[in-house]
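Asks:
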Amino acid sequence: MRVMGLDPGLRALGWGVIEVSGSRLSHVANGVCRTGTGPLGARLVSLFDELSSLWDEYLPDTAAVEQTFVNKDGAGTLKLGQARGIAMLVPARAGVEVGEYAPNAVKKAVVGVGHADKSQVDHMVRMQLPGVEIAGPDAADALAIAICHAHMAATSRRIQAAAL
């Protein structure tokens, strides 16, 4: 199973692709889609085009996106939500269901604690994907989201098998 993890952001949308074979995880690719500044509509189109191109290149079987948390800046939260919409739209157009995970759930799945900092997430991603070259903090978060989704999917499969 090939999983694409997406860490939504309007200026920098992190992405990471991993391959899952049983309990084995391996790194495929990672990076950051950058939009710079300019009109919001043009930035969203840029994210959509770049993410669509990556989707076509790596052909993931499933995808996962980090849920948006509301902070003190309402306008910033709304803009982040729009970038998150693009992150969900690209896989959905490909007919793929998108997993959604709270930031604390991702950290708990990858690090073991829900309030880990970015350096701990980066370290544990490197431990679980030996030899990976990470394109930056947003890409590390995206890989962590993909790892979380892989773990959750495996757990769901085991539960379904036990119920039969």
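Count the sequence shown with this note's numbering and you get residues 27 to 190, in order.
Ideal placement from N, C-alpha and C gives every residue a C-beta, glycine not left out.
1. Where does K133 land, buried or exposed, given buried means 16+ other C-beta within 10 angstroms?
2. Does the beta-carbon of V139 have 16 or more other beta-carbons within 10 angstroms, so that it is buried, or is it exposed?
3. Rounded to a whole number of angstroms, what is the C-alpha to C-alpha distance between V54 and I44?
4. Could you give the C-beta distance for L32 and A120, rounded to a whole number, given that I count them as a contact under 8 Å?
5. Roughly how many angstroms lie between the CA atoms of P117 and A166, to the nearest whole one?
6. Any heavy atom of the ligand GDP within a distance shorter than 7 Å of the CB on V136?
7. If you draw a straight line from the C-alpha of V122 to the C-alpha of T88, how long is it?
8. So for A128, helix, strand or coil by DSSP?
9. Nearest to A176 by alpha carbon, out of I160, V151, G162 and D164?
10. Could you tell me how far apart the beta carbons of V147 and A131 are, in whole angstroms, since I believe they sit closer than 8 Å?
11. So L32 is in the beta strand (DSSP E); what residue range does that whole segment cover?
12. Taking the alpha carbon of S49 as the point to measure from, which residue in F74, M27, L36 and R69 has its own alpha carbon closest?
13. So the beta strand (DSSP E) L39 belongs to, where does it begin and stop?
14. What is the rounded straight-line gap between the Cα of G42 and the Cα of W81?
Replies: Quick answer:
1. Here the question's residue 133 lines up with position 107 in the sequence shown. The residue in question, K133, is buried, as its Cβ has 16 or more Cβ neighbours within 10 Å.
2. Within the sequence shown, numbered from 1, the residue matching residue 139 stands at position 113. It is exposed - the Cβ of V139 has fewer than 16 other Cβ atoms within 10 Å.
3. Start at 1 with the first residue of the sequence shown, and residue 54 comes out as number 28. Start at 1 with the first residue of the sequence shown, and residue 44 comes out as number 18. Each residue's alpha carbon lies about 5 Å from the other.
4. In the sequence shown, residue 32 corresponds to position 6, counting from 1. In the sequence shown, residue 120 corresponds to position 94, counting from 1. Not a contact, Cβ separation roughly 13 Å.
5. Within the sequence shown, the letter at position 91 stands for residue 117. Within the sequence shown, the letter at position 140 stands for residue 166. Computed Cα separation, rounded: 20 Å.
6. With respect to the ligand GDP, the structure offers nothing, as it holds no ligand at all.
7. The residue labelled residue 122 in the question sits at position 96 within the sequence shown. The residue labelled residue 88 in the question sits at position 62 within the sequence shown. About 6 Å.
8. To locate residue 128, count along the sequence shown from 1; it is residue 102. Three-state result, A128: coil.
9. Locating residue 176 in the sequence shown gives position 150, counting from the first residue. Ranking I160, V151, G162 and D164 by Cα distance to A176 puts V151 first.
10. Your numbering for residue 147 matches position 121 in the sequence shown. Your numbering for residue 131 matches position 105 in the sequence shown. The pair is not a contact, with the Cβ atoms about 12 Å apart (cut-off 8 Å).
11. Here residue 32 corresponds to residue number 6 of the sequence shown, with the count starting at 1. Start and end: R28 to D33.
12. To locate residue 49, count along the sequence shown from 1; it is residue 23. Nearest of F74, M27, L36 and R69 to S49, Cα basis: M27.
13. Within the sequence shown, the letter at position 13 stands for residue 39. Start and end: A38 to S47.
14. Along the sequence shown, one-based indexing puts residue 42 at 16. Along the sequence shown, one-based indexing puts residue 81 at 55. About 11 Å.
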